[in-house]
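2 protein chains.
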Amino acid sequence: MAYRPAEQIVHKAAWLYYTHGLRQDEVAQRLNISRASVALYLRRARETGVVNIATSTHLFREDMLARRLEEVFGLDTVWLVGREGLIADPAAEIPRLAANVFVDMVRNGDRVGVAWGRTVYAIADAMSYADREGVTVVEMCGNLGSPYSYRPDQCTMEIARRFNARGLNFYAPLVLSTEDLAGDLRREPVIREQLDGIGSCDMALFSVGTLDADSHVIKCGALELSELARLKDLGAAGVIAGQIIDAEGRLLDCDYNRRVISADFDAIRAIPRRLMVVQEDEKLGPLEAAIRGRFFTHLIVTSTVGARLLERAGQDPAGATATEAIA
Amino acid sequence: MAYRPAEQIVHKAAWLYYTHGLRQDEVAQRLNISRASVALYLRRARETGVVNIATSTHLFREDMLARRLEEVFGLDTVWLVGREGLIADPAAEIPRLAANVFVDMVRNGDRVGVAWGRTVYAIADAMSYADREGVTVVEMCGNLGSPYSYRPDQCTMEIARRFNARGLNFYAPLVLSTEDLAGDLRREPVIREQLDGIGSCDMALFSVGTLDADSHVIKCGALELSELARLKDLGAAGVIAGQIIDAEGRLLDCDYNRRVISADFDAIRAIPRRLMVVQEDEKLGPLEAAIRGRFFTHLIVTSTVGARLLERAGQDPAGATATEAIA
DNA sequence: AGCGGACGTTGACTTTTGTCAATGCTCGTG
DNA sequence: CACGAGCATTGACAAAAGTCAACGTCCGCT
């Protein structure tokens, strides 16, 4: 990456200020510029990721509930947003927390798969810029012109931009009109290659979708409202990377799924670190399905959902009281 | 790790201030404490690693020289400290840069091997505290009561402390009086286990030592001054983790090496990311030997040394002029 | 119970940082 | 070549953050 000389001075100012601990006026003197410029450069340094300020997310891991969830469901790490007294609405805090955790989980050279949805976009939005090197962000599902929200490819690209990374979009729609066409397309070398590339990711970021009249797959037009009832009868329980799963987390055997171009579930599960982020308390059911399908290793949810998960798994959510006590 | 309630408020203040972007007085109001306390907590948050401020090290990777070195010697990443006009003495900047790079390279759950030396200790000293989880720091060589400087085990422990990590020290001296004793000790299960654990590290940090009257191994008493001449005749070129290597980077066949308890070279090379840091321009020779022995994948040196390495490898250090131009 | 020390907290003051309108500079265009 | 748009830079002022002595509180000890 060619270095614009203008950026050089920003790096120098940031290094002197943040690493050497000089004051702005000292930095100004050292670099022969005004202090106002130093202040300006430092702001730019923070905004562009030349300087990265990360805050510990321990706050959201500190109660017993999180540890119990990790233990009971065999997860790597669980973060819970409860009533820490930080903000009125826990759900609103989730993308911010997820962005912090996500940025921390991605390192130089990583290949990162992202699925899309409202939550994922909110995370992208809350992410700080970071000066990673050699990161690749790959889309985990086909594309879709979402009329009311952000498109999957925009989502991928936005995240890539924040990591100074290369963004790889799928050259295919998420869902096609016929099974045959989807099959043909999947066999196309370009598409094949993209699908195969998902399994070699180092980490993944996604959410799980619901299946209701106002859920994402419906609203963005991937799925017809009329198909919904029949799918539910077949046992549809949630949506992962644009594909419908049953209550056990298996790919539902249905016409819709056969017309979809998206990541293979085994490929997803082959990714070592998979961060699942769920904002809404209403997604409890789909989340349980996703757990059974072993789709993720790291989880961020509200403590309400955390407690319910344990309850419904026949576990006493002991420590829930501790959570409440935090406030 | 049990959470002292006092720390909780520090985390909360840091989260609100750094992640939500509130002002100190707003944080104070939200947490029902005085603004002065908020300022205090925030400082503590920074000092203890609850908040981590990392500055990009791009500044030290920007010239062609670094890229040429990576290419010619097959290294992963090279950072060069030249005359960026930041500080008078490039060598003094190296531990600071190395500390930044090192902290960035270690992630949760990593097992990190550290060798010791003046440089490694200087790095430990310059490191910020970070709130890593599940990190283990293992000593890569036996111990030694260094009269004039820090001991290997102190070095390991200090680094562990900064990562909130577990530190594993070697339960053996670096060098013994007889070959037999060293052999027996190496075969002891406790020691065997520690030696074996080195190969399973995720990353390593070390420097290379010289062999002169005033070099580290001599000064700390590991090696007798009287032995030096004979070792040089045998082809001794440098020191890696307390062991002597020849110009080709191979373990020198000598009495001293047979009496040493330290990491096996193949185990070191089995570690995927190995950061070599060299402060002194005088270590050019030992460094070349270390390169030939493929001891490291990442390198931090002065640009003077960088240029010389290329020259002596028969490469024109083009771009050196570019380096100078930076100032 | 009384005492003393250590440590956490705060208000008031100082220093440092953020901001913004005004100015200067560069470069493409008529 | 002159002009002006757009952007970088700066000085001066306002806002925010840092500091510290004084005070309060808790806890162990006599």
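Residue numbers (full-length UniProt numbering), protein chains in the order written: chain A, 1 to 327; chain B, 1 to 327.
Glycine included, every Cβ here is placed at the ideal spot set by N, Cα and C.
- By the 16-neighbour rule on beta-carbons within 10 angstroms, Thr178(A) is exposed.
- Collapsing the DSSP output to three states places Met157(B) in a helix.
- Within the model, the alpha-carbon separation for Ile53(A) versus Arg44(A) is close to 13 Å.
- The continuous beta strand (DSSP E) containing Ile53(A) extends over residues 51-55.
- Neighbours of Val51(A) in chain B, taken as residues whose beta carbon is under 9 Å from its own, are Ile53, Ala54, Thr55, Ser56 in chain order.
- Burial check for Glu224(B): the Cβ neighbour count within 10 Å stays below 16, so the residue is exposed.
- Across the structure, Pro173(B) and Ala241(B) are spaced so that their CA atoms are roughly 13 Å apart.
- If only complete runs of 3 or more residues are kept, the stretch 102-179 of chain B shows the beta strand (DSSP E) at 111-114, 136-139, 166-168, in order along the chain.
- Following the DSSP letters along the chain, one finds Ala236(A) in no alpha helix (DSSP H) but inside the beta strand (DSSP E) bounded by residues 236-240.
- At a C-beta separation below 7 Å, Thr210(A) has no neighbours in chain B, since its nearest C-beta there lies roughly 28 Å away.
- Every beta strand (DSSP E) of 3 residues or more that sits fully in the stretch 243-274 of chain B is shown, in chain order, as 243-246.
- In this structure, Leu231(B) places its C-beta atom within 8 Å of the C-beta atom of Cys254(B).
- Residue pairing by DSSP puts Thr302(B) in a beta bridge opposite Val81(B).
- For Thr19(A), the C-beta contacts it makes with chain B under 7 Å involve Thr55, Arg96, Asn100, in order along the chain.
- A distance below 8 Å separates the beta carbons of Ala290(B) and Val208(B).
- Here Gly74(A) is exposed. Its C-beta has fewer than 16 other C-beta atoms within 10 Å.
- Note that the C-beta distance between Val138(A) and Asn108(A) is not below 8 Å.
- With a contact defined as Cβ atoms closer than 8 Å, Ala91(B) and Glu280(B) qualify at about 6 Å.
- With the criterion set as a beta carbon lying under 9 Å from some beta carbon of chain B, the members of the stretch 131-162 of chain A are Asp131, Glu133, in sequence order.
- Note on Gln243(B): 16 or more other CB atoms within 10 angstroms of its CB, so buried under the neighbour-count rule.
- Interface with chain B (8 Å Cβ-Cβ cutoff): His11(A) is included.
- Measuring C-alpha to C-alpha distances from Arg151(A) to each of Gly221(A), Asp89(A), Ala126(A) identifies Gly221(A) as the nearest.
- With contacts defined by Cβ atoms closer than 8 Å, Arg30(A) and Leu16(A) form a contacting pair.
- In this structure Gly293(B) is in contact with Gly249(B), their Cβ atoms being roughly 2 Å apart against a cut-off of 8 Å.
- Residue state for Phe60(B) is assigned as helix, using DSSP reduced to three classes.
- Asn257(B) is classed as buried because its beta carbon has at least 16 other beta carbons within 10 Å across all chains shown.
- Annotated three-state conformation of Leu16(A) is helix, per DSSP.
- Contact with chain A is absent for Arg273(B), since none of that chain's Cβ atoms lies less than 8 Å from the residue's Cβ.
- The Cβ atoms of Ile198(A) and Ala263(A) lie closer than 8 Å to each other.
- Proximity of chain B to Arg107(A) at the Cβ level (cut-off 7 Å) is accounted for by Arg107, in chain order.
- Cβ-Cβ distances below 8 Å link Ser34(B) to Ala28 in the same chain, with the five nearest sequence neighbours on each side left out; the list follows chain order.
- Nearest neighbour of Phe163(A) by Cα position, chosen from Ala270(A), Gly183(A), Ala130(A), Asp233(A), turns out to be Ala130(A).
- For Leu185(B), the closest alpha carbon among the candidates Ile261(B), Met203(B), Ile268(B) is that of Ile261(B).
- In the DSSP assignment, Ala313(B) falls outside any beta strand (DSSP E), carrying neither H nor E.
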